[in-house]
Structure formats: structure tokens, C-alpha cells
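Asks: Under my numbering, think of the first position of the sequence shown as 5, with each following residue one higher.
Submitted below is the structure of interest, expressed as C-alpha cells.
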Amino acid sequence: MTTRILGIESSCDETAAAVVADGLTILSSVVASQVDVHRKYGGVVPELASREHLRQIAPVVREAIAQANIALTDVDAIGVTQGPGLVGSLLVGLTYGKVLALALDKPLIAVNHLEGHVHAVLLEAHSAGRTPKLPAICLIVSGGHTLLYRVDAAAGNSGNGAVRFSYARIGGTRDDAAGEAYDKVAKMLALGYPGGPVIDKLAPHGNASAVRFGPAKIRGNPYDFSFSGIKTAVLYYLRKRPELQAEVAVRQRSLANGERGAEALRALSTSATLDLIASFQYAVVEDLVKRTLGASEQFTAQSVLVSGGVAANRELRQRFEEEGKKRGLEVFFPSRPLSTDNAAMIAAAAFARFTAGEHADAGLNAAPNFPLGVASPPISR
Ligand code: KG4
Ligand code: ZN
């Protein structure tokens, strides 16, 4: 018998609902993005995010049920994101899920958003008939997170196909997340919000070795990240170049007039700006690839999983694939729609917990700092 799980995700600035069958097949996946609401602030404004979730949650869930071609009563369980994320945003999806579960008399499953990102990769891999070998190293890289985990099969798996995983955190950012650095650099350069997709499109038009950004100097754990230094380096680079600042002002006016496409922005950028963009992306991508593959070597990983909004980046995918091939390591990415926040990944992650009977009770509360798995002992080299 098929198990259909309704997933609900509202941890940040996307209101999402999806129906996934047996943790593997996406029957529907609806995402209402709030990018237009937050654009003029250059980042997510928590109060506005909660308000938008409230407006969107009911129509998004209704749409997910309609697209799956089922009735709400056909759902076997409801999986909701418990955390990490913005508390006001989390509460909207969580409360809605709780009420639905009560009204329908179906189990409620609490899902860690980060585990959802891991399942985004697995969902896609399974539908392509590929199963990542374990242990795997997983890089979750988004606007809110840059984290490295070792992923293993959990002890006591039931063997009924719904594999449970165990997670050990082996590194993470000490300051900004990689996506945050993309967004902040894009703001400095007047490239619009969110910055990642535009920088992704513009970087191939610049010379990546034009500006040297040294790797972040981090003491202790070699699998920790830091991106605030490169952001400051871009700021200082701009301060010393009035001609680039003049270009920024022109692009700012263009953005204010509603012109946002990467092509329009490229036409307003000289090669010096494109070189800076390419060099920034090169430094970030190399850092992510190097530390992740370093970890996969140290932990003799059999595969690498890369997930989160920044995993949509073309240069990042290409570099991981090249380096993975050299090492005989399979690298798995979700498709672009599953890289950014969505609810299909939440429903998929909920499935294994559902089959294990891990139901949440009506007292379930949002956990804005919900960690995933256990922290490994500190590593130093
Ligand atoms: O996973 P996500 O949708 O939300 C968070 O949980 O943060 O990720 C959004 C982040 C933003 O910082 C955005 O600039 C970045 O992912 N991003 C990208 C690309 N697409 C989205 N960064 C680099 N290249 C991309 N193609
Ligand atoms: Zn996310």
C-alpha cells in the first residue's frame, strides 16, 4: 500500500507544501517564494516572512493536494519542519500542520530542515535509480547554513526500505553562510536579490584569476568555513576603485527601475566588475570543494552529497563533478528546484520517521536552533 505524506515547510522565506509517496515519488511540490517581498531589503525580514507565510500557507497546501490529485483525507501523515529556522516562520507551518493532523486524525511527524536537505539529494538519486553509498559526506550550503556532515545508516534500520540515517556534524561556518556571502556581495555590487543566481550567470563572463582572494584562515577544525573575510575583501576592493563604484550606482538605478535580468546587469558591468564577480565565485567554490573533499578523504566517504540553495550553482556542480571523478567518488546533487527550500524534501525525510512510528504529539514546538545529529569530537590537523 502506498504511503502518502503531506510535507509542510516554512522555516525561512518559502512557503511550501508537497505530497510524496513512499518517501520516493513526488506527487506534487508547490513553493511560494517571498523573494519579491524581501528584495528591497536585500535579505529576509523575519516579521514580513511570518506575515507572508500566514497569507500563503492555506492556498499552498490546497494546491499541493490538488496537484497530487488526491483528497486531504487520502494523506497518511503530515510532516512539518520543526527547525532550524526563523521562529515566527516555523510556527506558521508547524501550527498549520498540527491542526491539520488533529482535524484529520493523522500522525504528525516533526522534521529537521537540514535532514530535509539531505533527503532532497536522496529523492533525486533514487528516482534516477542511483543509491549513494555510505558513509557519505554531505555539504549543506544555503543562505542560512554551510555545514558538513558524515551520513551513515542508523543502527537498527528496519530493512523495509525506509532507511534511517545517522548524522555527525564535522564542520560548519564560523560566521556567514556561503549563500549569505553571495547575497551580501551582490548587494554591494548592485546585482539584486537573491545574489547567488545572478552571480552564477555573470561569473563565466569574467576572469576568475584577476583578483586573488586568499583562502580563509581558520584555526583548529579544517572542515570549518568562514566567508565574512571574502565579503570584507570585496568591500575594500570596491572602496579603492571609484570607477567600479560609479558602475554600482548605475546598476542601482537600473534595479530601482525594475530592471533585474542577469543580461541587463551584465550590459551595465565592465570587465573589471565581471572579473571581480568571477574571482569571488571561484574563491568560494574552491573553498567549499576543497574542504568537503578533504573531509571525504579523512572519513573515507563512499559518496558526496551537496544540497541547499547554493548547490544550484553551476560552477560548484562542475568543480565537484571534476574533482569527484578524479577521486572515483560519486557526487550527488538535487535538481535545481529541489536544491532550494521545498516541502518534498520534508515529506521524504518524514517517511522514514513515520514507518519507525516516530510521531510527534500536540505539544510539538518550533525549534529555531534544532541541531542535526551529534557533533563529532573536534578535529585538528
Ligand atoms: O536553501 P535556500 O533556498 O534557503 C536557505 O535555507 O537559505 O538558499 C537560498 C540561498 C541564497 O543565499 C541564494 O543567493 C543562494 O541560495 N543561491 C545560489 C544560487 N541559487 C540560490 N547561490 C549560488 N548560485 C546559485 N545558482
Ligand atoms: Zn534550507
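Ideal Cβ placement from N, Cα and C applies to all residues, glycine included.
Does the beta carbon of Cys16 fall short of 7 Å from some heavy atom of the ligand KG4?
Replies: Result yes, Cβ under 7 Å from the ligand KG4.
Asks: Which stretch, first to last residue, makes up the beta strand (DSSP E) that contains Pro156?
Replies: The question names Pro, but residue 156 is Asp in the sequence shown. Taken as a continuous stretch (DSSP letters only), the beta strand (DSSP E) holding Asp156 covers 150 to 157.
Asks: Quick one, are the C-beta atoms of Leu118 and Thr296 less than 8 Å apart?
Replies: It is not a contact, given that the beta carbons lie outside the stated cut-off.
Asks: Determine, using beta-carbon pairs with one atom in the segment 106 to 118 and one in the segment 82 to 92, whether at least three such pairs fall under 8 Å.
Replies: The segment 106 to 118 vs the segment 82 to 92: in contact.
Asks: Is the beta carbon of Ala190 closer than 8 Å to that of Thr150?
Replies: Result no, Cβ atoms of Thr150 and Ala190 do not sit closer than 8 Å.
Asks: Which runs of the alpha helix (DSSP H) at least 4 residues long sit entirely within the segment 106 to 136? Give them in chain order.
Replies: DSSP runs (the alpha helix (DSSP H)) wholly in the segment 106 to 136: 117 to 131.
Asks: If you drop the 5 nearest sequence neighbours on each side, which residues of the same chain put their C-beta closer than 8 Å to that of Glu18?
Replies: Closer than 8 Å at the Cβ level, and outside the excluded window around Glu18, lie Val35, Ala36, Ser37, Gln38, Thr344, Asp345, Asn346.
Asks: At which residue ranges does the segment 167 to 216 contain complete beta strand (DSSP E) runs of 3 or more residues, listed in the order of the chain?
Replies: Complete beta strand (DSSP E) runs here, min 3: 169 to 176.
Asks: For Met5, count the other beta carbons within 10 Å of its own beta carbon; 16 or more makes it buried, fewer makes it exposed. Which is it?
Replies: Looking at its Cβ environment, which holds fewer than 16 other Cβ atoms inside 10 Å, Met5 is exposed.
Asks: Based on Cα-Cα distance, which residue from Ser15, Gly200, Arg66, Gln71 lies nearest to Arg55?
Replies: With distances taken between Cα atoms, Arg55 lies closest to Ser15.
Asks: Identify every run of the alpha helix (DSSP H) within the segment 231 to 267, keeping only runs that are complete inside it and at least 4 residues long; order them along the chain.
Replies: Runs of the alpha helix (DSSP H) inside the segment 231 to 267: 232 to 243, 246 to 260.
Asks: Mind checking whether the beta-carbon of Ser146 lies closer than 7 Å to any heavy atom of the ligand ZN?
Replies: It does: the Cβ of Ser146 is within 7 Å (strictly closer) of some heavy atom of the ligand ZN.
Asks: Under the three-state reduction of DSSP, which class applies to Gln38: helix, strand or coil?
Replies: Residue state, collapsed to three classes: coil.
Asks: In this structure, how does DSSP classify Ile350 when only helix, strand and coil are distinguished?
Replies: Helix at Ile350.
Asks: I want to check one thing, is the minimum distance from the CB of His117 to the heavy atoms of the ligand ZN below 7 Å?
Replies: Because some heavy atom of the ligand ZN lies under 7 Å away, the Cβ of His117 counts as near it: yes.
Asks: Taking contact to mean at least 3 C-beta pairs separated by less than 8 Å, is the segment 89 to 107 in contact with the segment 260 to 278?
Replies: The segment 89 to 107 is not in contact with the segment 260 to 278.
Asks: Provide the residue span of the beta strand (DSSP E) that contains Ile141, from first to last.
Replies: It spans 140 to 145 - the beta strand (DSSP E) in which Ile141 sits, taken as one unbroken run.
Asks: Would you tell me roughly how many angstroms separate the C-alpha atoms of Glu67 and Thr29, rounded to the nearest one?
Replies: Going by the C-alpha atoms only, they are around 17 Å apart.
Asks: Taking buried to mean at least 16 other C-beta atoms within 10 Å of its own C-beta, is Tyr45 buried or exposed?
Replies: Answer is exposed; the Cβ neighbour count stays below 16.
Asks: Return helix, strand or coil for Arg223, following the three-state DSSP convention.
Replies: Coil at Arg223, not helix or strand.
Asks: List the DSSP bridge partners of Thr307.
Replies: Note that residue 307 is Ser in the sequence shown, not Thr. According to DSSP, Ser307 bridges with Ala140, Glu334.
Asks: Any heavy atom of the ligand KG4 closer than 7 Å to the Cβ of Asn373?
Replies: Every heavy atom of the ligand KG4 is 7 Å or more from the Cβ of Asn373, so no.
Asks: Round the Cβ separation of Gly200 and Val49 to the nearest angstrom and send it over; I've been treating them as touching at under 8 Å.
Replies: At roughly 19 Å, the Cβ-Cβ gap does not stay under 8 Å, so Gly200 and Val49 are not in contact.
Asks: Once the 5 residues before and after Gly87 are set aside, which same chain residues still bring their CB inside 8 Å of it?
Replies: Correct list, in chain order: Ser15, Leu94, Asn116, His117, Ala370, Ala371, Pro372, Asn373, Phe374.
Asks: Assuming Ser307 contacts Phe336 (C-beta within less than 8 Å), just tell me the rounded distance between them.
Replies: Confirmed, about 6 Å.
Asks: Could you compute how far the alpha carbon of Glu325 sits from the alpha carbon of Arg331?
Replies: In a straight line, the C-alpha of Glu325 is about 10 Å away from that of Arg331.
Asks: Bridge partners for Val84 per DSSP, in chain order?
Replies: Partner(s): Ile12, Ala114.
Asks: Could you pull the start and end residues of the alpha helix (DSSP H) that Thr344 belongs to?
Replies: Looking at the DSSP string, Thr344 is not in any alpha helix (DSSP H), and its letter there is neither H nor E.
Asks: Assign Ser384 to buried or exposed, taking buried as 16 or more other Cβ atoms, counted over all protein chains shown, within 10 Å of its Cβ.
Replies: The predicted model places Ser384 with a pLDDT of 43, which falls under 50 and marks its position as unreliable; any figure quoted below should be read in that light. That one is exposed.
Asks: Considering only the beta carbon of each residue, do Leu376 and Tyr171 sit closer than 8 Å?
Replies: Cβ atoms of Leu376 and Tyr171: closer than 8 Å.
Asks: When burial is assigned at 16 or more other CB atoms within 10 Å of the CB, is Arg154 buried or exposed?
Replies: Buried is the call here.
Asks: Less than 8 Å separating the beta-carbons of Ile61 and Arg8?
Replies: Contact flag unset, no.
Asks: Below 7 Å, is the gap between the Cβ of Asp180 and the nearest heavy atom of the ligand KG4?
Replies: Asp180: no, Cβ never under 7 Å from the ligand KG4.
Asks: Considering only the beta carbon of each residue, do Ala20 and Ser32 sit closer than 8 Å?
Replies: Not in contact: Ala20 and Ser32 (Cβ atoms no closer than 8 Å).
Asks: With three or more beta-carbon pairs closer than 8 Å as the criterion, would you say the segment 233 to 244 touches the segment 255 to 271?
Replies: No, because fewer than three Cβ pairs between the segment 233 to 244 and the segment 255 to 271 fall closer than 8 Å, the two stretches do not touch.
Asks: Quick test of your reading: Phe217 and Ala287, contact by CB under 8 Å. State the CB separation rounded to the nearest angstrom.
Replies: Indeed, because the Cβ distance is near 4 Å, the residues count as touching under 8 Å.
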